[in-house]
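Residue numbering for the sequence shown follows this note's numbering, starting at 31 and increasing by one per position.
A virtual CB, placed ideally from N, CA and C, is assigned to each residue, including glycine.
Accompanying notes for the structure given below.
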Amino acid sequence: MARSEVHDQLDRPLKDLRISIMDRCNFRCTYCMPKEVFGPDYAFMDSEELLSFDEIVELATAFAHLGVNKLRITGGEPLLRKDVAQLIHRLDGIDGIEDIALTTNAVMLPRLAQPLKEAGLRRVNISFDALSVATFQQMSGRKTKPEAVIRGIQAAKEAGLGVKVNMVVQRGVNEHEVIPMAQFCKDERVTLRFIEFMDVGQTNGWDFSQVVSKKELYERVSTIAPLRAQEEDYFGEVASRYAYEDGSNVEVGFISSVTETFCGTCTRARLSADGKLFTCLFSERGTDLKSDVRNGMSATQLRERIRSIWNLRADRYSELRTNESAKQRKKIEMSYIGG
Ligand code: SAM
Ligand code: SF4
Ligand code: SF4
């Protein structure tokens, strides 16, 4: 396939596409979809508003032509989308796509891990914020027990999927879970990545005082065993990775989305479940590509449209976060734009 790289205003290539395939979720994490806002009357998308599988494949193919080689499937909860394995299979067949990963709360993995693996999925990132029942239920906003996630982790491992666990740490909420979670993941031999609580969306009541910094997390985790920094795996890797220096051969990572910035190497585009293209997690608005696809735009036109959007991209919100106008932005919800 003839691929032509596209660069933005800050010379960043377009390399990764995160595709949200579902705006709904079976959890109500307080930091993402608080149940006071995402209640029974919340207007989620109708099924015809969601991009169809054909439309997702058409768009992903256009992105692949422009240099995207990595796809991440996300949501909402992507495993709620019917026949998700079929979609993975089709995306895996796109020329130029080398890696497909999926981010999930894992509750549906016992049933879906094997078909997903067979369809071509390589990796899952599992969000898991607490081992204790009370903290887990408080954060996920549901009565589900943490064992449901643990069963999902085990099913993914048994199916041969690469597994990483992501834990969002919020001051005063689950910081006491940092060491138990690190120990649990070490015993399970999976990489745990700590994520600083971010100011995405308008509904999670974010405040800097709730952020537990990478520095502090690093100091806490080093009490388990000394940590040795690992080389970056690829350009633009967001997590800094460390290996426990105790012969266990297990890694731990830190995603310092607030206290350090990585806009300079950000090669990620995001497609919402209703087909809007966002060039930054903190964009105020997206570009409607679904209408273009539904109006019969040709593959070449679609590609050129995406190219021109990326060419104009100058986003670097994390670097501007403390500046007054950035603070006043009307930000899109994480569950809509896809994490
Ligand atoms: N439902 C799936 C899940 O939870 O893995 C996929 C979608 S979720 C929006 C993607 C990721 O965003 C999750 O790892 C979640 O923890 C993270 N996330 C959501 N809100 C966040 C916030 N305010 N700060 C940091 N991470 C957040
Ligand atoms: Fe759902 Fe994931 Fe958001 Fe939690 S973080 S509410 S599991 S979309
Ligand atoms: Fe990328 Fe925007 Fe995040 Fe910067 S703030 S790393 S440009 S998504």
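Extent of the continuous alpha helix (DSSP H) run through residue i
| i | result |
| --- | --- |
| F214 | 208-218 |
| G182 | 176-188 |
| L350 | 347-350 |
| S321 | 319-324 |
| A115 | 114-122 |
| A255 | Taken as a continuous stretch (DSSP letters only), A255 belongs to no alpha helix (DSSP H), as it is neither H nor E. |
Option in the options with minimal Cα separation from residue i
| i | options | result |
| --- | --- | --- |
| V268 | Q260, L142, R343 | Q260 |
| I209 | K245, D129, A160, V67 | A160 |
| M145 | Q184, D345, F68, I118 | Note that residue 145 corresponds to Pro in the displayed sequence, not to Met. Ranking the options by Cα distance to P145, first place goes to I118. |
| D397 | M138, T174, P64, D229 | No statement about residue 397 is possible, as the shown extent of the chain runs from 31 to 369 and does not include it. |
| V241 | P176, K361, S287, L44 | S287 |
| R42 | T295, R359, S365, L319 | T295 |
| E128 | A143, I156, P140, T91 | T91 |
| V179 | F292, K360, N56, V87 | N56 |
| E205 | G190, S239, R351, V220 | S239 |
| G97 | G150, G171, L47, R201 | L47 |
| R333 | N325, D345, L319, R141 | L319 |
| I86 | I51, D76, K65, T104 | I51 |
| G192 | S170, G202, A143 | A143 |
| E349 | D237, L247, F224, T291 | T291 |
| T309 | N155, E78, F93, T174 | F93 |
| R120 | P140, S82, V154, D237 | S82 |
| I130 | D345, I103, R111 | I103 |
| L101 | G126, E79, E78 | G126 |
| L342 | E35, Q39, S157, F224 | Q39 |
| A186 | G202, I156, G171, M169 | I156 |
| R14 | Q358, P176, Y248, I124 | Nothing can be reported for residue 14: it is not among the residues displayed for the chain, which extend from 31 to 369. |
| F158 | N325, P176, E148, D229 | P176 |
| S170 | K65, F224, E78, I49 | K65 |
| G277 | R258, V67, M75 | R258 |
Cβ separation of residue i and residue j, assumed to be a contact under 8 Å, to the nearest whole Å
| i | j | result |
| --- | --- | --- |
| V199 | L222 | Going by Cβ atoms, the distance from V199 to L222 rounds to 11 Å, so no, they are not a contact pair. |
| D134 | L109 | Here residue 134 is Thr; the residue named in the question, Asp, does not match the sequence. Between L109 and T134 the Cβ distance is about 5 Å, and since that is below 8 Å, they are a contact. |
| Y272 | K216 | That belief does not hold up - the Cβ atoms of Y272 and K216 are roughly 12 Å apart, past 8 Å. |
| G182 | P140 | 6 Å |
Residue span of the beta strand (DSSP E) that contains residue i, given as start and end
| i | result |
| --- | --- |
| I49 | 46-50 |
| Y264 | Looking at the DSSP string, Y264 is not in any beta strand (DSSP E), and its letter there is neither H nor E. |
| F284 | 281-285 |
| D129 | 129-134 |
| E79 | Per DSSP, E79 belongs to no beta strand (DSSP E) and is neither H nor E. |
| T330 | Element bounds for T330: not the beta strand (DSSP E) but the alpha helix (DSSP H), 329-342. |
| I156 | 153-157 |
| M197 | 192-199 |
| F224 | 221-226 |
| T104 | 100-104 |
| S270 | 270-274 |
| A299 | 298-301 |
| R172 | Element bounds for R172: n/a, residue is neither H nor E. |
| L146 | Premise fails: L146 lies in the alpha helix (DSSP H), 139-149, not in any beta strand (DSSP E). |
| L311 | Looking at the DSSP string, L311 is not in any beta strand (DSSP E), and its letter there is neither H nor E. |
- prompt: Would you call the segment 231-251 and the segment 150-169 touching, i.e. three or more CB-CB distances under 8 Å?
  reply: no
Beta carbon nearer than 6 Å to a non-hydrogen atom of ligand 2: C55, F57, R58, C59, C62, M63, G105, G106, E107, N135, S157, S365
task: Decide if the segment 311-319 is in contact with the segment 247-259; the criterion is three or more beta carbon pairs, one per stretch, under 8 Å apart.
output: Note that the segment 311-319 does not touch the segment 247-259; fewer than 3 beta-carbon pairs, one per stretch, sit closer than 8 Å.
- prompt: Between the segment 293-301 and the segment 271-283, do at least 3 Cβ pairs fall closer than 8 Å?
  reply: no
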